[in-house]
Amino acid sequence: MDLTVRDLAVARGGVPVLEGLSFGLTPGRALVLRGPNGSGKTTLLRTIAGLQPAFEGEIAGAGERIAYAAHADGLKSMLSVAENLTFWAQAFGTADIAAALTGFNLEDLARRPAGTLSAGQKRRLGLARLMVTGRPVWVLDEPTVSLDAASVQLFAEAVRGHLAGGGSALMATHIDLGLAEADVFDVTPYKAEPRVSSADEVFL
Amino acid sequence: MIALLLRDLRLSVRAGGGFGLGLAFFLIVTVLVPFGVGPETGLLSKIAPGVLWIGALLACLLSLDRIFALDWEDGSLDLLATAPLPMEGIVSIKALAHWITTGLPLVLAAPVLGVLLSLPEGGYLWVVISLALGTPALSVIGTFGAALTVGLKRGGLLMSLLVLPLYVPTLIFGAEVARRGADGLAVETPLLMLAGISFGAMAILPFASAAVLRINLR
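Which chain is which? The protein sequence lines are A and B, in order. Here the first sequence stands for residues 9 to 212, where the numbers follow the working numbering. Here the second sequence stands for residues 5 to 222, where the numbers follow the working numbering.
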């Protein structure tokens, strides 16, 4: 099933930031969102992840199929790496964390408290979480922040493995991941004109 | 859901988890009251049920802002919202975890601390029953307050102001059960009112908490 976005407008704090967006994402494909800072990429990804309602337009094939990774990794510093991953695996109704630990080279760190990891190691753990969700559509917001070159390669391989397994990925990133097959979608031309919504803004 | 409960309980007992916070505060209040009002047994045993209830309520209030604030700060609240758990379930589990880590220790500690306040002999049972029945309401109402103020920097003051009026009925009827029990009077009416408030809050507020949390996460 495809992720389809039709004529979508997304708003931040009740003010639309992007409008007229239409794109599709078929299984096995990756789509990279480009655009300057503040152009609304995060807002768009949060809308697709279902954390906020669409301002206009529609999104099909999202909802329970999305695994979302935000700027913050959602790690508990007092839990070990394995405990963090196990919790997310249970929350998503899966059990196997071994593949995720291996995929992001975290086996040696499995028993370390997440609070003692470096920024890049935390990021790897945050991304490893995606692999235990078992969800087909990865929605990633700047996934490679604070990763070194080798870890970016690990990440690219994880994405490739996910695509090969029939999954898809939607990413906002500025770094070249070496995913030559990924499509690129520039959001810059879709910047919304300033306007006031017809809906009651108090409840936005 | 069970995984979330276990995670919250595990976090609360690890370093920085704040498990003993409410209990320590409760202990401090009940230890200090005899010093403040004087050692006169008659006066102390008269105010003991009320002091125990106020202490328990303030101890609950103290730990409320931890319910969602920590998950909000590290981003796990966003990720939980996209997990296949209903938001109502998440807030109910959060309230239950808060009760187990804060309310339940208070219920268990109350009879011990009652000794310090020369609680009359007949009062112990009713203090425990009223707290056992009332503290779940405090946790559920507090979770609602925490959901309303999640994402606000230093939202603790606003949350206390929002939650305190909602706590008043629970306090009135809870302390009334304990007081009447201690005086050997009939407790049925306030007990039923307390049970009604508690079960009503548990039935309705998770839906309200889930709704405000969804809006606050936008």
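Using N, Cα and C, we set each Cβ at its ideal position, and we do this for glycine too. All values reported here derive from a predicted model rather than from experimental measurement.
Using a 10 Å radius around the Cβ and a threshold of 16 neighbouring Cβ atoms, would you call residue i buried or exposed?
i, result
"Thr153(B)", "buried"
"Asn45(A)", "exposed"
"His79(A)", "exposed"
"Gln161(A)", "exposed"
"Leu133(A)", "buried"
"Asp82(B)", "buried"
"His182(A)", "exposed"
"Pro43(B)", "exposed"
"Ser96(B)", "buried"
"Met163(B)", "buried"
"Ala157(A)", "exposed"
"Ser127(A)", "In the sequence on display, residue 127(A) carries Ala and not Ser. Exposed is the call here."
"Arg54(A)", "buried"
"Asp69(B)", "buried"
"Ser47(A)", "buried"
"Val172(B)", "exposed"
"Arg18(B)", "exposed"
"Thr50(A)", "buried"
"Glu27(A)", "buried"
"Leu15(B)", "buried"
"Gly46(B)", "exposed"
As a quick exercise: from the options, pick the residue whose alpha carbon is nearest that of residue i.
i, options, result
"Val65(B)", "Leu168(B), Ala205(B), Leu189(B), Ala212(B)", "The amino acid at residue 65(B) is misidentified as Val; the sequence shows Leu. Out of Leu168(B), Ala205(B), Leu189(B), Ala212(B), Leu168(B) has the C-alpha closest to the C-alpha of Leu65(B)."
"Val147(A)", "Leu52(A), Gly123(A), Ala99(A)", "Leu52(A)"
"Ala107(A)", "Asp194(A), Gly46(A), Thr141(A), Asp191(A)", "Thr141(A)"
"Pro124(B)", "Ser49(B), Pro210(B), Lys98(B)", "Ser49(B)"
"Leu74(B)", "Ala215(B), Leu195(B), Gly159(B), Ile133(B)", "Gly159(B)"
"Asp104(A)", "Met139(A), Arg131(A), Thr196(A), Gly71(A)", "Met139(A)"
"Glu72(A)", "Ser88(A), Gly82(A), Gly101(A)", "Gly101(A)"
"Thr34(B)", "Ser122(B), Arg183(B), Ile176(B), Ile71(B)", "Ser122(B)"
"Trp130(B)", "Ala52(B), Leu47(B), Pro109(B)", "Ala52(B)"
"Leu185(A)", "Glu91(A), Glu27(A), Val153(A)", "Val153(A)"
"Gln129(A)", "Ser159(A), Arg119(A), Arg42(A)", "Ser159(A)"
"Ser202(B)", "Lys157(B), Ile219(B), Ile133(B)", "Ile133(B)"
"Thr110(A)", "Leu125(A), Thr124(A), Val89(A)", "Val89(A)"
"Glu66(A)", "Val18(A), Asp81(A), Leu155(A)", "Val18(A)"
"Trp103(B)", "Leu9(B), Leu217(B), Ile219(B)", "Leu9(B)"
"Pro197(A)", "Arg20(A), Glu64(A), Gly43(A), Glu150(A)", "Gly43(A)"
"Asp194(A)", "Asn113(A), Gly169(A), Phe31(A), Arg137(A)", "Phe31(A)"
Once DSSP output is grouped into helix, strand and coil, what is the label at residue i?
i, result
"Lys199(A)", "strand"
"Leu212(A)", "Only weak support exists for where Leu212(A) lies, its pLDDT of 48 falling under 50; the coordinates are left without a value."
"Asp15(A)", "strand"
"Glu66(A)", "strand"
"Arg224(B)", "No statement about residue 224(B) is possible, as the shown extent of chain B runs from 5 to 222 and does not include it."
"Gly71(A)", "helix"
"Ala77(A)", "strand"
"Leu123(B)", "coil"
"Asn113(A)", "coil"
"Arg143(A)", "coil"
"Met197(B)", "helix"
"Arg222(B)", "coil"
"Leu13(B)", "helix"
"Ala205(B)", "helix"
"Glu44(B)", "coil"
Less than 9 Å between the C-beta atoms of residue i and residue j, yes or no?
i, j, result
"Leu142(B)", "Val111(B)", "no"
"Ala75(A)", "Val145(A)", "yes"
"Ala207(B)", "Ile145(B)", "no"
"Gly126(B)", "Gly188(B)", "yes"
"Leu56(B)", "Ala114(B)", "yes"
"Ser176(A)", "Ala38(A)", "yes"
"Ala190(A)", "Val23(A)", "no"
"Ser67(B)", "Leu83(A)", "no"
"Glu92(B)", "Phe211(B)", "yes"
"Ile94(B)", "Gln98(A)", "no"
"Gly155(B)", "Leu166(B)", "no"
"Leu27(B)", "Thr106(B)", "yes"
"Arg183(B)", "Gly54(B)", "yes"
"Asn92(A)", "Ala70(A)", "no"
"Leu33(A)", "Leu11(A)", "yes"
"Gly21(B)", "Met179(A)", "no"
"Ala85(B)", "Leu195(B)", "no"
"Asp116(A)", "Glu64(A)", "no"
"Arg137(A)", "Asp81(A)", "yes"
Pull the bridge partners of residue i from the DSSP assignment, please.
i, result
"Met179(A)", "Val40(A), Leu148(A)"
"Ser88(A)", "Pro121(A)"
"Phe31(A)", "Val13(A)"
"Pro61(A)", "Partner(s): none; Pro61(A) has no beta bridge."
"Asp191(A)", "Leu39(A)"
"Leu135(A)", "Answer is none; Leu135(A) lacks a bridge partner."
"Leu26(A)", "Val18(A), Lys199(A)"
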